[in-house]
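Trainee: Chains as they are written, first to last, in my numbering: chain U, 1 to 60; chain A, 61 to 295. Quick one: the structure is below, questions incoming.
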């Protein structure tokens, strides 16, 4: 009984751990896309200009 | 942190390949259209410049000081780099989803998630803010970015409710979430004259949407294959 319980706890802990790591990676992805496609810094904007237009990200 | 490492490694590998491939497609598709449009944009800007000079205005001179990549190699190299970074960024989102699902991912699942990405990041925001060539009249940048991000976020939540939940209320709420940003409406551009021909704009919209479809299909398949291989090796 105790063994199953601790096994269950480990599974739950691993599950949460995977969720945290996956969400962290997804947040990193959003940050990268945000920098390339949505930054207001004019040098960054001009560097990625053609890609912004080609991805239909808002641009001026 | 082995899951995080697997995700980052798989997304980087897939993003590198897809970003490079899509750059080649863009050099034949969207880039020539952008360059044609810039001829009209520059003509309009120089006409405006002359007008402001004749009226004695000294405004807009700071525009000349902004850094811009040099035409040719530098500009194209930055386009490839930006495409690879964008593909890695979106690839991290897709691979993160595969990790969250915690089951083996077939390339067909990857294709499906890629198409979901197309719906969220191309189709839904593009309905209100269609792909635009440089030199067209547009609304305030921050307002458009806010609407774009909100629409993508609502559509993503809607797809989650529609596809991954089985309750009837979830289906209804999902459809509502898809419609709401379009009822609110995207920021509208001020009425003004543009020299860019309508046929060029139309061609650009079709090219961008098709390139987007190709990008997301390739990214979905590439991330699923890469993640499956990387996580199998680690287990």
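Idealized CB from N, CA, C, for every residue including glycine.
How many Å lie between residue 119 of chain A and residue 106 of chain A at the Cα?
Mentor: For residue 119 of chain A, the predicted model reports a pLDDT of 45, less than 50, meaning its position is unreliable and no value from the coordinates is stated.
Trainee: Given a cut-off of 8 Å, decide if residue 175 of chain A and residue 276 of chain A are closer than it, judged by their beta-carbon atoms.
Mentor: Against a cut-off of 8 Å, the Cβ pair of residue 175 of chain A and residue 276 of chain A comes out as a contact.
Trainee: Residues of chain A with a CB under 8 Å from the CB of residue 39 of chain U: which are they?
Mentor: Within 8 Å Cβ-Cβ: nothing; residue 39 of chain U doesn't reach chain A, min ~10 Å.
Trainee: Relative to the C-alpha of residue 96 of chain A, which candidate in A/282, A/270, A/257, A/272 has its C-alpha closest?
Mentor: When each option's Cα is compared against that of residue 96 of chain A, the closest is A/257.
Trainee: Rounded to a whole number of angstroms, what is the C-alpha to C-alpha distance between residue 128 of chain A and residue 194 of chain A?
Mentor: Taking the straight line from one Cα to the other gives about 15 Å.
Trainee: Examine chain U for any beta-carbon lying closer than 8 Å to the beta-carbon of residue 126 of chain A, and answer yes or no.
Mentor: Yes - at least one Cβ of chain U is within 8 Å of the one on residue 126 of chain A.
Trainee: Does DSSP put residue 256 of chain A in a helix, a strand or coil?
Mentor: The answer is coil: DSSP assigns residue 256 of chain A none of H, G, I, E or B.
Trainee: Which chain U residues are close to residue 274 of chain A, counting only those with a beta carbon under 7 Å from its beta carbon?
Mentor: Under the 7 Å cutoff, chain U gives no residues; its nearest Cβ is about 12 Å from residue 274 of chain A.
Trainee: Looking at chain U, is there any beta carbon in it that lies within less than 8 Å of the beta carbon of residue 67 of chain A?
Mentor: So yes, residue 67 of chain A belongs to the interface.
Trainee: Considering only residues of the same chain and omitting the five flanking positions on each side of residue 81 of chain A, which have a CB-CB separation below 8 Å?
Mentor: So the qualifying residues of the chain are 278.
Trainee: Using the C-alpha atoms, what's the distance from residue 247 of chain A back to residue 197 of chain A?
Mentor: Approximately 12 Å between the Cα atoms of the pair.
Trainee: Give a yes or no on contact between the segment 134-148 of chain A and the segment 17-26 of chain U, applying the rule of three or more CB pairs nearer than 8 Å.
Mentor: The segment 134-148 of chain A vs the segment 17-26 of chain U: no contact.
Trainee: Looking at residue 212 of chain A: is its Cβ nearer than 8 Å to the Cβ of residue 181 of chain A?
Mentor: Yes, the Cβ-Cβ distance between residue 212 of chain A and residue 181 of chain A is below 8 Å.
Trainee: Is the beta carbon of residue 205 of chain A sitting closer than 8 Å to the one on residue 31 of chain U?
Mentor: In this structure, residue 31 of chain U does not lie closer than 8 Å to residue 205 of chain A by Cβ.
Trainee: Quick check: is any heavy atom of the ligand COA less than 7 Å from the C-beta of residue 45 of chain U?
Mentor: Annotation note on the ligand COA: not contained in the displayed structure, which lists no ligands.
Trainee: Output needed in chain order: residues of the segment 78-102 of chain A with a Cβ under 7 Å from some Cβ in chain U.
Mentor: Residues passing the 7 Å Cβ filter: 86, 90, 91, 94.
Trainee: Report yes if the CB atom of residue 36 of chain U is closer than 8 Å to the CB atom of residue 149 of chain A, and no otherwise.
Mentor: Closer than 8 Å, so yes.
Trainee: Express the C-alpha separation of residue 28 of chain U and residue 87 of chain A in angstroms, rounding to a whole number.
Mentor: If you take the alpha carbons of residue 87 of chain A and residue 28 of chain U, they lie about 28 Å apart.
Trainee: What does the alpha-carbon distance come out to for the pair residue 59 of chain U and residue 14 of chain U?
Mentor: C-alpha separation (whole angstroms): 42 Å.
Trainee: Looking at chain U, is there any beta carbon in it that lies within less than 8 Å of the beta carbon of residue 155 of chain A?
Mentor: Yes, its Cβ sits closer than 8 Å to a Cβ of chain U.
Trainee: Answer with buried or exposed for residue 192 of chain A, where buried requires no fewer than 16 other C-beta atoms within 10 angstroms of its C-beta.
Mentor: It is buried - the Cβ of residue 192 of chain A has at least 16 other Cβ atoms within 10 Å.
Trainee: Is there at least one Cβ from chain U nearer than 8 Å to residue 170 of chain A's Cβ?
Mentor: Residue 170 of chain A does not count as touching chain U.
Trainee: Kindly indicate if chain U contains any beta-carbon less than 8 Å away from that of residue 293 of chain A.
Mentor: No, residue 293 of chain A does not count as interfacial toward chain U.
Trainee: Within the same chain, show all residues whose beta-carbon is closer than 7 Å to that of residue 225 of chain A, passing over the 5 residues directly before and after it, in chain order.
Mentor: Around residue 225 of chain A: no qualifying Cβ.
Trainee: Under a CB-based cut-off of 8 Å, is residue 283 of chain A close to chain B?
Mentor: Reference to chain B is not applicable here, since the protein chains of this structure are U and A.
Trainee: Return the CA-CA distance between residue 101 of chain A and residue 255 of chain A, expressed in angstroms with no decimal places.
Mentor: Taking the straight line from one Cα to the other gives about 8 Å.
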